[in-house]
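Read through the structure below, which is laid out as structure tokens, and then see the notes.
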Amino acid sequence: MVLLFAGIICCTSALLSDCYRSGDPCHGERNCTYMDTVKASLGRAQVWLCQFSAYSNVFGVAIGHTIAAGMSMLAIQQRASCFQHNKGHRHPCNFPIWPYMITFGVAEIFFSQIPEYHTWWFSYLGPAMSFTYCSIGVGISIAKVVENGVLKGGLVGIGMTAVTASPTSKVWGSLEALGVIAFVYCYSRILIEIQDTIKAPPPPESKVMKLATAMGVAVTTFLYLLFGFMGYAALGDATPGNLLAGLGFYEPYWLVDIANVAIIVHLAVAYQVYCRPIYNFVERCAARRWPESSYVTREFDVLVLRSSYKLNLFRATWRTAFVVTTTVVAALLPFFHDVVALVGALGFWPLCVYIPVEMYVTQKKVLRWSPRWVWLQILSLGCLFVCLAAMAASIVGIITIHKK
1 MVLLFAGIIC
11 CTSALLSDCY
21 RSGDPCHGER
31 NCTYMDTVKA
41 SLGRAQVWLC
51 QFSAYSNVFG
61 VAIGHTIAAG
71 MSMLAIQQRA
81 SCFQHNKGHR
91 HPCNFPIWPY
101 MITFGVAEIF
111 FSQIPEYHTW
121 WFSYLGPAMS
131 FTYCSIGVGI
141 SIAKVVENGV
151 LKGGLVGIGM
161 TAVTASPTSK
171 VWGSLEALGV
181 IAFVYCYSRI
191 LIEIQDTIKA
201 PPPPESKVMK
211 LATAMGVAVT
221 TFLYLLFGFM
231 GYAALGDATP
241 GNLLAGLGFY
251 EPYWLVDIAN
261 VAIIVHLAVA
271 YQVYCRPIYN
281 FVERCAARRW
291 PESSYVTREF
301 DVLVLRSSYK
311 LNLFRATWRT
321 AFVVTTTVVA
331 ALLPFFHDVV
341 ALVGALGFWP
351 LCVYIPVEMY
361 VTQKKVLRWS
371 PRWVWLQILS
381 LGCLFVCLAA
391 MAASIVGIIT
401 IHKK
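Take 1 as the starting number for the sequence shown in the UniProt record's numbering and just add one per residue.
Rendered as structure tokens:
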């Protein structure tokens, strides 16, 4: 299924790349953002659908990042307080996760106030941290397989254990996993912005973007498969949803803790990268609606660490309110795997499949009932049904865990 989703995102990303310029693919008018492209191809009505889907997805991603960061902080605390003090790996060592989510939320409140965040050195830590924890995870998995002397797990997935007490729960779990896969491949909404940074032709930007997307998807898919296969081979049916923070691995303590610190830093950076568009969107709308309001538009010079910081009251309160809201929701629903699957199921079809397909059909004037049109509609409908099934499974999972 990972390979299938990789193929789908490559296909729909290629369709999206062809819609970057309106009209002529080499000399047509540029559309600098995903929303501009939708407006140029489909009209204002579809822009509202796109905005609702995109910003709802951002809200869900922020919640997922907060939960994941809290899990990594909790894992570090558990190892430091329990497992390293001769209590053994099976010691219950229960700590609440919400204080760590609040800690992460407080940090994000400060980060959200940084103007021009992408120009700070901190924003470049994300890729390095991602490579760090992936490398550690794969390395520990391989070491565990060598230590076990056998490959755990099976080709048909987890068996009928206490975790999956019935065939029905196994089906729900499989469908929920599709939502998680959809989540990690749901990034089409940023492709147009990336393509806008490519220099003018020749060759056309769409050709360069298609090649870059294919290479990026190939590399990330390889890492996903390697991490997933090796983790499952090392732990078998006991594999948690989060290998490093879910206490799948315990030793060496210091190395696993480094991996979790890398995860926390990566999530702190990614949170801001994902949320900046919704910050800017709301602030632009407020400025257009109340251009005379000093609360919305006026900036005050504040001295911070011997440098001048321009404080805008609306920006400060709105961004703080957003972070507080996502933190509270995350604390109320601390079910990482289920929340991530739900966010992926809700965002993948409209943003990564339906809108790119409809824009391509409209802009390229694909004839209705032609072979290309039929195949594109089959692709869109198939992804819709898969996402609906994954969404239902995620909701069932959240309800089941909440009852427990």
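Ideal placement from N, C-alpha and C gives every residue a C-beta, glycine not left out. Since the model is a prediction, treat every value here as computed from it, not as a measurement.
Exercise. By DSSP, does valine 138 sit in helix, in strand, or in coil?
Worked result: Mapped onto the sequence shown, residue 138 falls at position 138. In the structure shown, valine 138 sits in a helix (DSSP, three-state: H, G or I).
For this session: Determine the direct distance from the alpha carbon of isoleucine 355 to that of proline 252, and round the result to whole angstroms.
Result: Taking the first residue of the sequence shown as position 1, residue 252 is located at position 252. Taking the first residue of the sequence shown as position 1, residue 355 is located at position 355. Distance between the alpha carbons of proline 252 and isoleucine 355: 46 Å.
Problem set entry | Inter-residue spacing [alpha-carbon to alpha-carbon] between tyrosine 185 and threonine 297 | The sequence position of residue 185 within the sequence shown is 185, counting from 1. The sequence position of residue 297 within the sequence shown is 297, counting from 1. For tyrosine 185 and threonine 297, the distance between alpha carbons rounds to 37 Å.
For this session: Locate the alpha helix (DSSP H) running through aspartate 18, then write down its first and last residues.
Result: The residue labelled residue 18 in the question sits at position 18 within the sequence shown. 2-18 is the span of the alpha helix (DSSP H), which, as asked, contains aspartate 18.
Exercise. Residues in its own chain within less than 6 Å of residue 405 by CB, not counting five upstream and five downstream?
Worked result: Here the chain has residues from 1 to 404 only, and residue 405 is not among them.
Exercise. Considering only the beta carbon of each residue, do isoleucine 258 and methionine 73 sit closer than 8 Å?
Worked result: Along the sequence shown, read from residue 1 onward, the residue named residue 258 stands at position 258. Along the sequence shown, read from residue 1 onward, the residue named residue 73 stands at position 73. No, these two residues do not count as a Cβ contact at 8 Å.
For this session: Return helix, strand or coil for asparagine 31, following the three-state DSSP convention.
Result: On the sequence shown, residue 31 is found 31 positions in, with the first residue counted as 1. Coil, per DSSP.
Problem set entry | Residues of its chain near alanine 234, where Cβ-Cβ distance is below 6 Å and the 5 sequence neighbours each way are ignored | Against the sequence shown, residue 234 aligns to sequence position 234. Ser141, Lys144 and Val145.
Exercise. How big is the Cα-Cα spacing for alanine 389 and phenylalanine 95?
Worked result: Indexing the sequence shown from 1 puts residue 389 at position 389. Indexing the sequence shown from 1 puts residue 95 at position 95. Looking at the two C-alpha atoms, the distance is approximately 33 Å.
For this session: Please go through the stretch 162-218 and give each complete alpha helix (DSSP H) segment of 4 or more residues, from N-terminal end onward.
Result: 167-184 and 191-195
For this session: Could you tell me the boundaries of the alpha helix (DSSP H) in which glutamate 299 lies?
Result: Locating residue 299 in the sequence shown gives position 299, where the first residue counts as 1. From DSSP, glutamate 299 is part of no alpha helix (DSSP H) but of the beta strand (DSSP E) over 299-304.
Problem set entry | beta strand (DSSP E) segment containing lysine 403, residue limits | Along the sequence shown, read from residue 1 onward, the residue named residue 403 stands at position 403. Element bounds for lysine 403: not the beta strand (DSSP E) but the alpha helix (DSSP H), 371-403.
Problem set entry | Bounding residues of the beta strand (DSSP E) (the contiguous stretch that carries leucine 74) | Here residue 74 corresponds to residue number 74 of the sequence shown, with the count starting at 1. Leucine 74 -> not in any beta strand (DSSP E); alpha helix (DSSP H) instead, spanning 44-78.
Problem set entry | Beta-carbon contacts of phenylalanine 300 that lie in its chain and below 6 Å, excluding the five residues immediately before and after | In the sequence shown, counting from the first residue as 1, residue 300 sits at position 300. Excluding residues within five positions, the ones whose Cβ falls inside 6 Å are Leu311.
Exercise. When the Cα of alanine 68 is compared with those of Gln51, Ser174 and Phe104, which residue comes out closest?
Worked result: For the purposes of this step, residue 68 is taken as the residue at position 68 of the sequence shown. Taking alanine 68 as reference, the option from Gln51, Ser174 and Phe104 with the minimal CA-CA separation is Phe104.
Problem set entry | CA-to-CA distance, glutamate 29 to threonine 400, given in whole angstroms | Taking the sequence shown and counting its residues from 1, one reaches residue 400 at position 400. Taking the sequence shown and counting its residues from 1, one reaches residue 29 at position 29. If you take the alpha carbons of threonine 400 and glutamate 29, they lie about 51 Å apart.
Exercise. In whole angstroms, what separates the C-alpha of phenylalanine 227 from that of arginine 372?
Worked result: Position 227 of the sequence shown, counted from the first residue, corresponds to residue 227. Position 372 of the sequence shown, counted from the first residue, corresponds to residue 372. So the alpha carbons of these two residues sit roughly 36 Å apart.
Problem set entry | Close beta carbons around arginine 189, own chain, < 6 Å, minus the five adjacent residues each side | As a working mapping, residue 189 is identified with position 189 in the sequence shown. Once the five neighbours on either side are set aside, the close Cβ partners of arginine 189 are Tyr34, Ala54 and Leu351.
Problem set entry | Candidates Val323, Ile76 and Asp338, of which the one nearest serine 174 by Cα | Looking up residue 174 in the sequence shown gives position 174. Looking at the Cα atoms, Asp338 is the closest of the given residues.
Problem set entry | Under the three-state DSSP convention, the category lysine 364 falls into | The residue you call residue 364 lines up with position 364 of the sequence shown. Lysine 364: coil per DSSP, three-state reduction.
Exercise. Taking leucine 225 as the reference, which of Lys170, Thr197 and Gly137 has the closest Cα?
Worked result: As a working mapping, residue 225 is identified with position 225 in the sequence shown. Measuring from the Cα of leucine 225, the nearest candidate turns out to be Gly137.
For this session: Could you tell me the distance, in whole angstroms, from the CA atom of leucine 3 to the CA atom of phenylalanine 183?
Result: For the purposes of this step, residue 3 is taken as the residue at position 3 of the sequence shown. For the purposes of this step, residue 183 is taken as the residue at position 183 of the sequence shown. Approximately 14 Å, taken between the alpha carbons.
For this session: Would you kindly check if the distance between the Cβ of methionine 101 and the Cβ of threonine 132 is under 8 Å?
Result: What you label residue 132 is simply residue 132 of the sequence shown in a count that begins at 1. What you label residue 101 is simply residue 101 of the sequence shown in a count that begins at 1. Not in contact: threonine 132 and methionine 101 (Cβ atoms no closer than 8 Å).
For this session: List the DSSP bridge partners of serine 308.
Result: Along the sequence shown, read from residue 1 onward, the residue named residue 308 stands at position 308. BP columns for serine 308 point to Leu303.
Exercise. Going straight from the alpha carbon of valine 217 to that of serine 380, what length do you get?
Worked result: In the sequence shown, counting from the first residue as 1, residue 217 sits at position 217. In the sequence shown, counting from the first residue as 1, residue 380 sits at position 380. Approximately 20 Å between the Cα atoms of the pair.
Problem set entry | Nearest-angstrom beta carbon gap, valine 58 and cysteine 387 [assumed within contact, 8 Å] | As a first step, residue 387 must be located in the sequence shown, where it is residue number 387. As a first step, residue 58 must be located in the sequence shown, where it is residue number 58. Not really, about 18 Å apart at Cβ, beyond 8 Å.
Exercise. Between arginine 368 and isoleucine 181, what straight-line distance do the alpha-carbon atoms span, to the nearest angstrom?
Worked result: In the sequence shown, residue 368 corresponds to position 368, counting from 1. In the sequence shown, residue 181 corresponds to position 181, counting from 1. Rounded to the nearest whole angstrom, the CA to CA distance from arginine 368 to isoleucine 181 is 31 Å.
Exercise. Looking at C-alpha atoms only, which residue of Val256, Glu108 and Ile63 is the closest neighbour of glycine 139?
Worked result: To locate residue 139, count along the sequence shown from 1; it is residue 139. With distances taken between Cα atoms, glycine 139 lies closest to Val256.
Exercise. What residue ranges within the stretch 257-339 form continuous alpha helix (DSSP H) runs of no fewer than 4 residues, ordered along the chain?
Worked result: 294-297 and 313-332
Problem set entry | First through last residue of the alpha helix (DSSP H) which encompasses alanine 107 | Your numbering for residue 107 matches position 107 in the sequence shown. Segment 98-112, the alpha helix (DSSP H) holding alanine 107.
Problem set entry | Same chain, Cβ closer than 6 Å to alanine 162, neighbours up to 5 away in sequence not counted | In the sequence shown, the residue the question calls residue 162 occupies position 162. With a pLDDT of only 46 at alanine 162, under 50, the local geometry of the prediction cannot be trusted, and no value is derived from it.
Exercise. Taking the alpha-carbon positions, what's the threonine 129 to leucine 42 distance?
Worked result: Residue 129 sits at position 129 when you count from the first residue of the sequence shown. Residue 42 sits at position 42 when you count from the first residue of the sequence shown. This sequence places methionine at residue 129; threonine is not what is there. Methionine 129 and leucine 42 have their C-alpha atoms roughly 39 Å apart.
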